[in-house]
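Undergrad: Handing you a structure now.
In structure tokens, the structure reads:
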């Protein structure tokens, strides 16, 4: 296998940062389950995500906190009981 050199100005690693991973996952979860965007939540601010990561709060717990705090329900179940928290 041939390896290519890293060019000046090119990132040595193309792996996303923990904050970027949270943004990707939160965006997908919020959109798919609650019809929200990241900008609809405090997680639009990268510093909020960084604080959660530094405090050791899991992404799952962060989403569950949003669900409880704002009484979020699935768009298809607005007339029914709230959706249980993620596990």
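In my numbering, the protein residues as written are -8 to 78.
Cβ coordinates follow ideal geometry from the N, Cα and C atoms, glycine included.
These numbers were taken from a predicted model, which means no experiment stands behind them.
Helix, strand or coil: which one does DSSP assign to residue 18?
TA: If DSSP states are grouped into helix, strand and coil, residue 18 belongs with the helices.
Undergrad: Keeping to the same chain, check which residues put their C-beta closer than 7 Å to that of residue 43; ignore five residues upstream and five downstream.
TA: So the qualifying residues of the chain are 53.
Undergrad: With C-beta atoms as the reference, is residue 63 less than 8 Å away from residue 57?
TA: The answer is yes: Cβ separation under 8 Å.
Undergrad: Measure the Cβ-Cβ separation of residue 14 and residue 27 and say whether it is below 8 Å.
TA: Not closer than 8 Å, so no.
Undergrad: Between 24, 17, 65, 25, which has its C-alpha nearest residue 37's C-alpha?
TA: Of 24, 17, 65, 25, the residue nearest in Cα terms is 17.
Undergrad: From the DSSP output, in three-state form, read off residue 38 for me.
TA: Reduced to three states, the DSSP call for residue 38 is helix.
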